[in-house]
Amino acid sequence: MPTSAAWPIESPMMMAPSPIADDVIELPLLIPEWQLDALENAAHERNMTVGQYVRRLFSDMFADQRPSNY
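All residue numbers for the sequence shown refer to the working numbering, where the first residue is 1495 and numbers rise by one.
Quick look at the structure:
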């Protein structure tokens, strides 16, 4: 029987440097299909991509926690 990997699993995608900026990482996201559909619809209504919309959600959610140098 195979053994299960320890959590968290270090993915090369998560560890690779970003071509955009040194302080940006890729965040794999596992969500139910209905949530992806909702994200796509919400993003489309705002003329945004899903990636742009998710970044906006995170930015709005953590706006009061943003370090002063950002």
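C-beta atoms are modelled at their ideal positions from N, C-alpha and C, and glycine is treated no differently.
Scanning its chain for C-beta atoms nearer than 8 Å, with the 5 sequence neighbours on each side dropped, one finds around M1542 the residues R1550, in chain order. In the displayed model, V1518 falls within coil according to three-state DSSP, outside both helix and strand. A straight line joining the alpha-carbon of S1553 with that of E1539 spans about 19 Å. Between E1520 and the set S1562, A1557, G1545, the nearest pair of CA atoms involves G1545. Contact between V1548 and L1524 does not hold, since the beta-carbon distance rounds to 13 Å and is not under 8 Å.
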